[in-house]
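Have a look at the structure below, then the notes.
There are 2 protein chains.
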Amino acid sequence: MAIISDKKLSKNITKKDPDTTPKIVKNVISSSEPPNPAKDLAAERAHTNWDLKEMHEFLEGNEAKSTEILRLYQSIERDPKLQTRPEQFDLTQKEERQLVAERINQMSRYIEIESYTKFRRRLQLMTVIDPSMGIRILVNLGLFLNCIKGNGTQKQYDFWAKKKESGIIKQMYGCFGMTELGHGSNVAGCETTATFDEETDTFIIDTPHIGATKWWIGGAAHSATHTVCYARLIVKDVDYGVKTFVVPLRDSNHDLLPGIAIGDIGAKMGRQGVDNGWIQFTEVRIPRFFMLQRWCKVSRNGNVTLPPLEQLSYISLLEGRVGMAADSYRIGARFTTIALRYAVGRRQFNKSGSTQETQLIDYMLHQRRLFPYLALTYAAAVGTDRLEEEHTKLLSDLDKGLATNDKFLLKNTINATKSMFVDSGSLKSTLTWEASELISECRQACGGHGYSGYNAFGKTFNDWSVQTTWEGDNNVLGMSAGKTIIKTVQQVLNGRKLKNSTLEFLNDAPTLSKAKKAVIRVKEHLDEPERVLKAIAALISKFAVDLIPISHQTWDAISPQRVVLSKLRCHYYLLETFIDRLENRVKANSPMRRPLEITMRLYYVTSILSPFIAEFGRFGVVSPSITKYIIATYPQELCTQIRPYVIGLTDSFQQPDNFIHSVIGKYNGDIYNNYLDAIKLANSPRNHKAPYSAALEDMLNRPSLDTRERNERSKEAEEKLSK
Amino acid sequence: MAIISDKKLSKNITKKDPDTTPKIVKNVISSSEPPNPAKDLAAERAHTNWDLKEMHEFLEGNEAKSTEILRLYQSIERDPKLQTRPEQFDLTQKEERQLVAERINQMSRYIEIESYTKFRRRLQLMTVIDPSMGIRILVNLGLFLNCIKGNGTQKQYDFWAKKKESGIIKQMYGCFGMTELGHGSNVAGCETTATFDEETDTFIIDTPHIGATKWWIGGAAHSATHTVCYARLIVKDVDYGVKTFVVPLRDSNHDLLPGIAIGDIGAKMGRQGVDNGWIQFTEVRIPRFFMLQRWCKVSRNGNVTLPPLEQLSYISLLEGRVGMAADSYRIGARFTTIALRYAVGRRQFNKSGSTQETQLIDYMLHQRRLFPYLALTYAAAVGTDRLEEEHTKLLSDLDKGLATNDKFLLKNTINATKSMFVDSGSLKSTLTWEASELISECRQACGGHGYSGYNAFGKTFNDWSVQTTWEGDNNVLGMSAGKTIIKTVQQVLNGRKLKNSTLEFLNDAPTLSKAKKAVIRVKEHLDEPERVLKAIAALISKFAVDLIPISHQTWDAISPQRVVLSKLRCHYYLLETFIDRLENRVKANSPMRRPLEITMRLYYVTSILSPFIAEFGRFGVVSPSITKYIIATYPQELCTQIRPYVIGLTDSFQQPDNFIHSVIGKYNGDIYNNYLDAIKLANSPRNHKAPYSAALEDMLNRPSLDTRERNERSKEAEEKLSK
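Protein sequences appear in the order of chains A and B.
Numbered by this note's numbering, the letters in the first sequence go through residues 194 to 916 in order.
Numbered by this note's numbering, the letters in the second sequence go through residues 194 to 916 in order.
Laid out in structure tokens, this is it:
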């Protein structure tokens, strides 16, 4: 497999190959020193003059969270089941599922003895190194139980989560029976039916046709004992729309119950460790009280009540999105660390006539490819930490409001939920997309070695990719967030004033959208983060105002623009948080200040201003005279400025080797020895013949075509046959 | 695994859920009709009013080539080893390697009986559905034998290819020992040594240190009997740079030879079917005449001669790049076909109050995501067909020139080689990147089902990804092509006139780069393809002129811009070819004309003008007043115009189901039945317990924590222990 270049080749066509100029060597073996990438990495670390723990606290939000994370890294690294091993990249689907099952078993022991908050953090970290295990537990604890919590009464929740112990992954295991073969994004279109049979006081769960087959259900194929089933409630021939029901799938001996048909979905792009399944129900009866009835109730004689607060049941969907936004930060941290360590240790070509080849990190294009992702990861860290905080507060307010029946608090919570839908939707979609591209770019930046399984890019990319699709398809989420932004701008123009909303900055839309003067007019303006923030707000306002007239005709026609608005909203959120945290957490004389300031600038210049420059330009928010400076000159200057700090900035993520889980990305930087050792361990060189060697040897040693054809086309044969 | 949306959810927070409005249903089972995507697809086909074979000939270049391809599709589909099967997506690495070995064996039977041109076409098509098999054969026939052909004498080539039968994949199997652990892109930096030992008339091949370990060598781990080894020629303590040597690795019993250490590289992101290996040589002796000596010769007493034409040896690298550019077209055709068929059959959400949900293909955003890739694929088809033709001509001219020692022809060939390096480099890099994004976008456009293994996205993406890295890293190729473009513009400014070069359009650089007036000033200009072509030429010229002064200081600082120039060059090439072929091959009254015209416009508006709009704007090539029209309005209009033709345009690729190899992408459009059937076949629902079920059941049925801890933390124990 040749990974070759023609950097010099095309030149060679017309010029003399420099290697044809002989040079004297004394001793062939010793004349050529082995590469020493570890030394290069150590040299970089000498530049770091800040406290890594302090920077970690900046990234994670506070000291306690930072400390807990570092202790959890240690716990995971030491745990015999949870720790990573290079040979795990060789697992087949069957082996991976075995490992995942053992890890779930192990995790179920921690959930019994540690606080739920700490367990959730453990789970979040494990999700980065074993996304299949992560989602299998999250489907049970996050989706299944959250659905019961959100849609069931307190007593229903207590029964299933506590009495039946599913809250500690015991006795029963839940899956989330929402999507169908024919319905993914449009949940309200689900066609599975739950028909009330008054006579027996049961619901009959049925799959009417192939399109209503429950599909992609994580954990259904082999693990789940129960599902929450999204099905149309039918009572006395009336269709009340999609409600939720707890439906048992397997008995305590783990055998399928009658009427339940289940199969394995089989091969996937990634997440091979998850036993996704399909389910078809044929006349499956469940007791009436297996319906989750916090909001909608069916009485013994078939009276249906639908209280107005049902909408809040959707809050349970937020958790997954908030989590995926945060995952994007940790994945970004992991892969920028790998790619930048490699960029320091790897040397290729000779740029300046020095005796050594040049480190990849000293090539401008390499900096331009990787440093912006490092900066984006810093912005994502602080932004998603804030999102987590706001989400936690929302849930606690809701619990409080419902417990005390505080109507005012509930009304505020509904408002906060609305902006949380926009924020989590736009952060989840924008950051999971960015993370996909980040993994891909970091992989390419490691050249051929990025393609090796043991360096983690491939498996992670595959496991990651589904994040752009599930729990809210990114484009659907983006369109939805964009729509809310446009509507909000319109409301503000009509005189509404936003309060207690993260979208408050849109209160300036009337002024911002009318402003004739560009917000960013000269180069110096680019060093004012508050001004850049204002520029984003101005662009969002002007863009939305421009779209309002069309939106009255058709929302569909402006879908691409709605997704752009959602991305801009995400970046506003991140930058706003970054500015705030830098102002309030980092002292003016802290050695962290300068690297963070450059990081923030690099972030907004390369991830916001530059990619959306055409929009900033056409709406007159940024003066065209500095376009070139924004897309070319300034990013390059900032890359040069940040260059000495990048290893310190990645070390500050504090992810240990076992978590990085990449042989070329280890802390010691001894790339080549680490790499060859791991590969020899995973693939013993003693096996020099493949199991399929016979097929090859038979081919190479085959007799000639004439012989194999019994010489029946020979001259001799021709003579005989022609007579 | 929930793939859910909040298209309506955020609305629901404030508005009454429409589904809480009950609607009467008569009969639960029969009231809900199963989806019928096949009918939708059939309806689309009614719009196609051109001859599919004729369009296929347009794409493939001529009738003979088109016919040969269609016959080969048939041959592959019928061949018991070469045909695809859905369950192949479940293969483990070991099983995949077994299948690949059997397929290579089968291919070796075709090479004995069909023309080499036909065999190469068969191999090219097989490479789309089995890239691992493709590259394993290409390493042997393409890299190994081409290297011998390019660097060896005719007699050396005849010996290894004919006498030793490696040309028909018999007796021996070659691999390509170029890259090392420490050297990928910089081939001239390889550190393996070949030291001449005059006493025994042999070369000693040695790996001096870990960095010089041959790495990534496709076929080395288990298949290859020989390698061409790139090693530094050392004669009498003088280093003559990197030359090539045939080194035997295994004997006729397929056992490793002494001094040869080989191991399996193991897990990779994709191409699991390839046995990539590493090789270390310890004092391996080969006869002097195993050195390839077409250009460089070592005499019996150690005299080294280096003739001037050595540079031509690099021509053998072109073939891979030309092939990968063409692969990009076929992969694009395959995946746009899948995604567009699915977009027609899949319905989700109700846009217009109709009784049926809306087909995905009728959403603006969906059109905007997919149609540009369809258009790009058409441009890539004609452009890469031209590239193939030009490459074939180049090789034949070279053979002719060398055979007749025609100095004039050789000089012209060297010139043509130079532009072929630019063209193949910029097409390979630009199109393999585009194809990666195309697969990824098409996957996302199929929602959750795009993540299923049986729909081919995941495996194809993984197998594909290495194309951006190997045989010329895309960024390195892009920089190289960009550098040549800048230098060429400078030469033209200095008075040079290009002749017999595909870069001739740069002869206008002096005028174009000075022009004050924008080339595209009003909307109507966008309908003039020749003008758009001129606009690209103008942008390349102005951009290059702008970079020339910096290039005199540093090439490194302008690397990102060099890559942009390379992409623009690729698009110039494609559009130029598209215009030419449309003019010369399609009659004015042909029903193909209108769809092709819209396709071409959509291509240049969405793949050229829109993504590079900031550059077109800042160099004054496109008037800023039409920016919005170019990035938003016009693409949308073109999408609407092309909408009725898209199924016809994908059907025209003529790829049969067995080649499409995706259960939701089949011709009949019966998505759901095809999908469920395939999944049931590959994963029998009878296996309702997983092999790892014990781990799960043990967890669920575990005793309580107290019991497992022998009740030693109980109140009772506390009482006793505290006394």
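Glycine included, each C-beta is placed from N, C-alpha and C at the ideal position.
Between A:Arg527 and A:Ile853, the beta carbon gap of about 6 Å places them in contact (Cβ cut-off 8 Å). A:Ile801 does not reach chain B, its nearest Cβ partner there being about 14 Å away, counting only Cβ pairs nearer than 8 Å. At a cut-off of 7 Å between beta carbons, A:Gln660 makes no contact with chain B. A:Pro896 and A:Ser907 have their alpha carbons spaced roughly 15 Å apart.
By the C-beta density criterion, B:Asp390 is exposed, having fewer than 16 other C-beta atoms within 10 angstroms. At a cut-off of 7 Å between beta-carbon atoms, B:Thr820 makes contact with chain A. In this structure, B:Val669 lies away from B:Ser225, with their beta-carbon atoms at least 7 Å apart. For B:Leu449, the three-state secondary structure derived from DSSP is strand. In this structure, A:Phe282 lies away from B:Ala730, with their beta-carbon atoms at least 7 Å apart. Boundaries of the alpha helix (DSSP H) harbouring B:Lys735: 722 to 746, taken from the DSSP string. A:Trp408: member of the beta strand (DSSP E) spanning 407 to 410, first to last residue. Separation of B:Arg579 and B:Ala702 (C-alpha to C-alpha, rounded to the nearest whole angstrom) is 24 Å. Here A:Glu697 is not bridged, per DSSP, to any residue. Within 9 Å of the CB of A:Phe389, no CB atom of chain B is found; the nearest one sits about 11 Å away. Burial is judged here by how many other beta carbons sit within 10 angstroms of a residue's own beta carbon; B:Ile306 has fewer than 16 and is exposed. Counted as a single uninterrupted DSSP element, the beta strand (DSSP E) harbouring A:Gln473 occupies residues 470 to 474. Under a 10 Å Cβ-count criterion, A:Pro828 is classified as buried, with 16 or more other Cβ atoms of the shown protein chains found around its own Cβ. Listed along chain A is no residue with a C-beta nearer than 7 Å to that of B:Tyr535; the closest approach is about 12 Å. When secondary structure is reduced to three states using DSSP, B:Val515 falls in the helix class. The Cβ neighbour count for A:Gln347, taken over all protein chains shown within 10 Å, is under 16; the residue is labelled exposed.
Taking a 10 Å sphere around the C-beta of A:Glu512, we find 16 or more other C-beta atoms and assign the residue as buried. Secondary structure at A:Gln552: strand, using DSSP grouped into helix, strand and coil. Just measuring C-alpha positions, the residue of A:Leu842, A:Thr585, A:Ile361, A:Glu776 sitting nearest A:Thr610 is A:Thr585. Closer than 8 Å at the C-beta level to chain A, one finds these residues of the region 395 to 410 of chain B: Asp399, Pro401, His402, Ile403, Gly404, Ala405, Thr406, Trp408, Trp409, Ile410. Between A:Asp616 and A:Pro884, the alpha-carbon positions lie close to 53 Å from each other. Not a single CB atom of chain A sits nearer than 7 Å to the CB of B:Gly525. In terms of Cβ geometry, B:Ile472 and B:Ile455 form a close pair [threshold 7 Å]. The region 770 to 786 of chain A and the region 689 to 708 of chain A do not touch, with fewer than three beta-carbon pairs separated by less than 8 Å. The C-beta distance from B:Leu316 to B:Ile330 rounds to 6 Å, short enough to fall under 8 Å. Distances from the CA of A:Pro441 to each of A:Val431, A:Thr388, A:Met365, A:Met462 were compared; the closest alpha carbon is that of A:Met365.
Runs of the beta strand (DSSP E) lying entirely within the region 302 to 389 of chain A, each at least 3 residues long, are 367 to 370 in chain order. By the Cβ rule, the region 804 to 819 of chain A does not count as touching the region 535 to 549 of chain A, because fewer than three pairs are nearer than 8 Å. For the region 550 to 594 of chain B, there is no continuous beta strand (DSSP E) assignment of 3+ residues that stays within its boundaries. Between B:Phe474 and B:Ile398, the gap from beta carbon to beta carbon is short of 7 Å. In this structure, DSSP gives A:Gly675 a helical state, which the three-state scheme calls helix. The DSSP-derived three-state label of B:Met793 is helix.
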